[in-house]
Amino acid sequence: MSEDCLVLNVWTSGLGDLKPVMFWIHGGGLAGGSSFEEEYNGTVLATHDVVIVSTNYRLGSLGFLYGGREAMYAHNNCSLSIM
1 MSEDCLVLNV WTSGLGDLKP VMFWIHGGGL AGGSSFEEEY NGTVLATHDV
51 VIVSTNYRLG SLGFLYGGRE AMYAHNNCSL SIM
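Position 73 of the sequence shown, counting from 1, maps to 73 under UniProt numbering, and the rest follow consecutively.
Given below as structure tokens:
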């Protein structure tokens, strides 16, 4: 397991004109998955004149470890407690 997982994947049909952006965050129940999975490849969508951006994030104990009730109100990953 590696901590080197915080990346953005960007697909576009070309540079120049401004285009709408679709930002994709993969699911996986906060425990598994990756934006590198083949079904999340943005190549086809990018041909429709839109920029596709997907991201990876830390999962499981590296990203969403539950530390008990005392830790529930602490600043957590992505400040989920205030969302």
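From the three backbone atoms N, C-alpha and C, an ideal C-beta is built for every residue, glycine too. It should be emphasised that the depicted structure is a prediction, and the values quoted were computed from it without experimental measurement.
Residue j beta carbon less than 8 Å from that of residue i
{"i": "A46", "j": "W11", "result": "yes"}
{"i": "L6", "j": "N56", "result": "yes"}
{"i": "V21", "j": "V44", "result": "no"}
{"i": "V53", "j": "L8", "result": "yes"}
Identity of the residue in the options nearest residue i by Cα
{"i": "L15", "options": "D49, S54, N9", "result": "D49"}
Cβ-based neighbour list, residue i, same chain, cut-off 7 Å, excluding 5 preceding and 5 following
{"i": "S13", "result": "A46, T47, D49"}
Residue(s) in a DSSP beta bridge with residue i
{"i": "N9", "result": "S54"}
{"i": "V21", "result": "V51"}
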